[in-house]
DNA sequence: CTGAAAGCGCTTACAG
DNA sequence: CTGAAAGCGCTTACAG
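Residue numbers (the numbering used here), protein chains in the order written: chain A, 1 to 344; chain B, 1 to 344.
Shown next as structure tokens:
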């Protein structure tokens, strides 16, 4: 079947091209009679409007981009990202938008390819994962280019841009409070990269919880990690000499690394050291190890990000909006508290 | 900066629109002098051609799609997919193509959204993950629509389409041969879904190895899994009564599930039961558990898939081509053979 | 080597 | 409620 055009459909239906266009786009100023005639021809011929022509004429491509800065490219295989992508993709499908995926593998790659993203005029808007290196280059560029965008994760300058995030400070606070309630005294933490807002926020939640319970903060109990399993392992190695009785890892992957280190060190969990993570990505082996953790609704985060972006694209920006989703404590066995009531 | 058009650039450079177009597209029939003048204006103004207009006029969008059928959507968070996506994305960046990502979450979703993929005229070609349900609906549709495509994983009818794959039969064969060389006698397997070609191929590799070594095949030692951790766990539960002394799991995730089952059962690895997997995705916790496994070059698979697709798009189809990548045995500790020489 | 012109397939004021 | 016409920003024969 050769590709049909509006013109072809118009001819067969005995109306003008404009009328067919209006029917296709659901305008309501069409008589029932004509609409049905056109619809029937479309049905019979299997006509589909050409995306490029539509984009050119209407200045809307119905394509949005997802940008993962190079600073997160090494982490892309962390279950967080596939789940996020799943939520985003689902939401795009539902809204008849196409998703363009950009994962930059290096700073070079990012520089070379990013400019074209905004200047090709191909995208109606973009979702950007918040940069782990604390740079705002991409976001600033988007602001300048007036490209509608939503940041995933708290941006550096939250006043200026729309974003979606989970409540990391509260989540971390709840994790540590859980440990406090169980009687742990020397609670250590393996943070995320402290250049990233997510790293900072989860550390702040840790600090808040300790302060609230009048448990002094020992800087020696804080080690920085990079969200990878290996960095969790390394950080835990350093913590042993500080004699922690519990550790809050800012991601499940790092918790997993910590667990590996603890076992290799000949200690047991939770008897010698309790472990609590952050993520609770479903279907991960981690959950099967009985890791007590903080659940974050990643799928929903992706969905909300799309929803917010589309509303900005369709209704204009106005003032930046943001959505912060709640987290939830999931008690399993690595803190030794299977029967405890959720203290939230 | 208001979006510039070819016309604007042409005016500033004192040439015609056609000439600017030729310079932008790297035609060689342009005098040095004129070319430089135009290039300078482009440089100064930061002109970028409009993607939609280009696509409309040239019938090339420079966008390719990646389609994940709904049958793999539950598995999308298996590390295999993010790694594949990473390879694909990298390759697209290098070749100045944009990647459109389609993950269908249900059969319904697939039906509703798939037709538009081929008829929007937005994509120059697509990469399709081979369907785990054994249907060829998508591939057949692509064939009919004459949309250039490359299947990832062996398709049902390999004669008709271009595809990239890893040598699953050999990989599985090597895994099982490794177990045979170590003296295991009752080697069981947890297969992938036997409706999928990858499930079939890895099982066939298992069968081949047993036959080659004159170790009769006991159907009771074969359990079907679905690539998930939980399915590996369940399959292992069923195998205990058959007294296997080793198990070849057709994916690392399933191997991980098997390991969990074995430990819960109070048995040890590899003393009571040896375990070997398939995947060896880097940075996965699995590798840190010392899982002996078959390495498959997923990143490269993605890169090759893109390369092949682009060559089909640019040079026409001719006869279907295919690329099959080698796998590699990675010896760690779950088969009790740290010192053994790779028998390949 | 370069330009004028047609055309890609739509949308959208403008009329009526 | 519907049509004729201009325009979106490119590419690409066709001439010269």
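The C-beta atom is built at its ideal place from N, Cα and C for all residues, glycine as well.
Please read all numbers here as calculations on a predicted model, not as lab measurements.
Check your understanding: If we count the other Cβ atoms within 10 Å of its Cβ and call it buried at 16 or more, is residue 146 of chain A buried or exposed?
Key -> Taking the first residue of the first chain as position 1, residue 146 of chain A is located at position 146. When all chains shown are included, residue 146 of chain A counts as exposed.
Point to revise | residue 232 of chain B, enclosing alpha helix (DSSP H) - first and last residue | key: As a first step, residue 232 of chain B must be located in the second chain, where it is residue number 232. Segment 229-239, the alpha helix (DSSP H) holding residue 232 of chain B.
Point to revise | 6 Å Cβ shell around residue 222 of chain A - same chain, five flanking residues per side excluded | key: On the first chain, position 222 is the one that residue 222 of chain A refers to. For residue 222 of chain A, where only same-chain residues beyond five positions count, the Cβ hits under 6 Å are 189.
Practice item. Name the two residues that bound the continuous beta strand (DSSP E) containing residue 322 of chain B. Key: By one-based count along the second chain, residue 322 of chain B stands at place 322. Start and end: 322-325.
Practice item. Run down chain B in chain order and give the residues with a C-beta less than 7 Å from the C-beta of residue 90 of chain A. Key: Translated into positions along the first chain, residue 90 of chain A becomes position 90. Result: 105.
Exercise for review: Could you list the residues in the stretch 219-252 of chain B with a C-beta less than 9 Å from some C-beta on chain A, going in chain order?
Suggested key: 228, 229, 230 and 233
Check your understanding: Checking contacts by CB at 8 Å: is residue 97 of chain B closer than that to chain A?
Key -> Working through the second chain from its first residue, we reach residue 97 of chain B at position 97. Chain A, which has no Cβ nearer than 8 Å to the Cβ of residue 97 of chain B, makes this no.
Check your understanding: Grouping DSSP H, G and I as helix and E and B as strand, with all else coil, what is residue 98 of chain B?
Key -> On the second chain, residue 98 of chain B is found 98 positions in, with the first residue counted as 1. Residue 98 of chain B: strand per DSSP, three-state reduction.
Practice item. Could you tell me if residue 246 of chain A is buried or exposed, where buried requires 16 or more neighbouring beta carbons within 10 angstroms of its beta carbon? Key: Residue numbering aside, residue 246 of chain A sits at position 246 when the first chain is read from its first letter. Looking at its Cβ environment, which holds 16 or more other Cβ atoms inside 10 Å, residue 246 of chain A is buried.
Practice item. Look at residue 129 of chain B and residue 156 of chain B and say whether their C-beta atoms are less than 8 Å apart. Key: Here the question's residue 129 of chain B lines up with position 129 in the second chain. Here the question's residue 156 of chain B lines up with position 156 in the second chain. No, these two residues do not count as a Cβ contact at 8 Å.
Review point. So which of A/16, A/238 and A/133 has the shortest CA-CA distance to residue 71 of chain A?
Key: Position 71 of the first chain holds residue 71 of chain A. Selected option, being the one with the closest Cα: A/133.
Check your understanding: Count the other CB atoms within 10 Å of the CB of residue 319 of chain A; is the residue buried (16 or more) or exposed (fewer)?
Key -> Position 319 of the first chain, counted from the start, is the residue given in the question as residue 319 of chain A. Residue 319 of chain A comes out exposed.
**Study point:** Simplified DSSP assignment, three categories, for residue 129 of chain B
**Key:** Within the second chain, residue 129 of chain B is the residue found at index 129, counting from 1. Three-state DSSP puts residue 129 of chain B in a strand.
**Study point:** Expected contact under 8 Å - CB spacing of residue 193 of chain B and residue 224 of chain B to nearest Å
**Key:** Locating residue 193 of chain B in the second chain gives position 193, counting from the first residue. Locating residue 224 of chain B in the second chain gives position 224, counting from the first residue. Confirmed, about 7 Å.
Check your understanding: Rounded to the nearest angstrom, how far is the Cβ of residue 233 of chain B from that of residue 258 of chain B, given a contact under 8 Å?
Key -> Here residue 233 of chain B is taken as the residue at index 233 of the second chain, counted from 1. Here residue 258 of chain B is taken as the residue at index 258 of the second chain, counted from 1. Yes, they are in contact, since the Cβ atoms of residue 233 of chain B and residue 258 of chain B sit about 7 Å apart, within 8 Å.
Check your understanding: Thinking C-beta only, is residue 68 of chain B closer than 8 Å to residue 104 of chain B?
Key -> Position 104 of the second chain, counting from 1, holds the residue named residue 104 of chain B. Position 68 of the second chain, counting from 1, holds the residue named residue 68 of chain B. Cβ distance < 8 Å, so residue 104 of chain B and residue 68 of chain B count as in contact.
Check your understanding: Along the stretch 63-82 of chain B, what residues have a CB closer than 7 Å to any CB found in chain A?
Key -> 76, 77, 79, 81 and 82
Check your understanding: Below 8 Å between beta carbons: does that hold for residue 208 of chain A and residue 174 of chain A?
Key -> Mapped onto the first chain, residue 208 of chain A falls at position 208. Mapped onto the first chain, residue 174 of chain A falls at position 174. In this structure, residue 174 of chain A does not lie closer than 8 Å to residue 208 of chain A by Cβ.
Practice item. Grab the span of the beta strand (DSSP E) containing residue 197 of chain A for me, first residue to last. Key: In the first chain, the residue the question calls residue 197 of chain A occupies position 197. Not the beta strand (DSSP E): residue 197 of chain A falls in the alpha helix (DSSP H), residues 197-212.
Review point. For residue 15 of chain B, which residues does DSSP report across the bridge?
Key: If you number the second chain from 1, residue 15 of chain B lands on position 15. Answer by DSSP bridge pairing: none, since residue 15 of chain B is not bridged.
Check your understanding: Taking all protein chains shown into account, do 16 or more other C-beta atoms lie within 10 angstroms of the C-beta of residue 219 of chain B, making it buried, or fewer, making it exposed?
Key -> Locating residue 219 of chain B in the second chain gives position 219, counting from the first residue. Exposed: under 16 other Cβ atoms inside 10 Å.
Check your understanding: Can you pull the DSSP bridge partners for residue 114 of chain A?
Key -> Translated into the one-based positions of the first chain, residue 114 of chain A becomes position 114. According to DSSP, which records beta bridges pairwise, residue 114 of chain A is partnered with nothing at all.
Check your understanding: Name the residues in the stretch 107-129 of chain B whose C-beta lies less than 7 Å from a C-beta of chain A; which are they?
Key -> 109, 113, 116, 119, 120, 121 and 122
Check your understanding: Ends of the beta strand (DSSP E) at residue 276 of chain B?
Key -> Against the second chain, residue 276 of chain B aligns to sequence position 276. 274-276 is the span of the beta strand (DSSP E), which, as asked, contains residue 276 of chain B.
Review point. Quick one: Cα of residue 79 of chain B to Cα of residue 281 of chain B, how far?
Key: As a working note, residue 79 of chain B is residue 79 in the second chain. As a working note, residue 281 of chain B is residue 281 in the second chain. Spanning the two alpha carbons is a distance of roughly 7 Å.
**Study point:** Integer-rounded CB distance, given that residue 229 of chain A should sit under 8 Å from residue 248 of chain A
**Key:** If you number the first chain from 1, residue 248 of chain A lands on position 248. If you number the first chain from 1, residue 229 of chain A lands on position 229. At roughly 16 Å, the Cβ-Cβ gap does not stay under 8 Å, so residue 248 of chain A and residue 229 of chain A are not in contact.
Point to revise | Exposure label - residue 86 of chain B; buried when at least 16 CB within 10 Å | key: Reading the second chain from its first residue, position 86 is the one you call residue 86 of chain B. With 16 or more Cβ atoms within 10 Å of its Cβ, residue 86 of chain B is classed as buried.
Practice item. Check whether the Cβ of residue 3 of chain A lies closer than 8 Å to any Cβ atom in chain B. Key: Residue numbering aside, residue 3 of chain A sits at position 3 when the first chain is read from its first letter. It does: the Cβ of residue 3 of chain A has a partner Cβ on chain B nearer than 8 Å.
Check your understanding: How would you label residue 170 of chain B, buried or exposed, when you count the other beta carbons within 10 angstroms and need 16 or more for buried?
Key -> Mapped onto the second chain, residue 170 of chain B falls at position 170. Buried: at least 16 other Cβ atoms inside 10 Å.
Check your understanding: Closest Cβ-Cβ distance between residue 334 of chain B and chain A: below 8 Å?
Key -> Position 334 of the second chain, counting from 1, holds the residue named residue 334 of chain B. Not one chain A Cβ lies under 8 Å of residue 334 of chain B.
**Study point:** Beta-carbon neighbours of residue 101 of chain A, restricted to chain B and to distances below 7 Å
**Key:** Walking along the first chain from the start, residue 101 of chain A turns up at place 101. The answer, in chain order, is 89, 99 and 101.
Exercise for review: Determine the DSSP secondary structure at residue 109 of chain A, reduced to helix, strand or coil.
Suggested key: Here residue 109 of chain A corresponds to residue number 109 of the first chain, with the count starting at 1. Residue 109 of chain A falls in the helix class under three-state DSSP.
Exercise for review: Take residue 200 of chain B as the anchor and find which of B/186, B/275, B/300 and B/154 has the nearest alpha-carbon.
Suggested key: Within the second chain, residue 200 of chain B is the residue found at index 200, counting from 1. When only C-alpha atoms are compared, the closest one is B/154.
Review point. What whole-angstrom Cβ distance do residue 277 of chain A and residue 311 of chain A have, given they're in contact under 8 Å?
Key: In the first chain, residue 277 of chain A corresponds to position 277, counting from 1. In the first chain, residue 311 of chain A corresponds to position 311, counting from 1. With 8 Å as the limit, residue 277 of chain A and residue 311 of chain A do not qualify as a contact, their Cβ atoms being about 33 Å apart.
**Study point:** Exposed unless 16 or more other CB atoms sit within 10 angstroms - verdict on residue 57 of chain A
**Key:** Your numbering for residue 57 of chain A matches position 57 in the first chain. Flag for residue 57 of chain A reads exposed.
Exercise for review: State the beta-bridge partners of residue 163 of chain A as determined by DSSP.
Suggested key: In the first chain, counting from the first residue as 1, residue 163 of chain A sits at position 163. The partner list for residue 163 of chain A (beta bridge, DSSP) reads A/151 and A/322.
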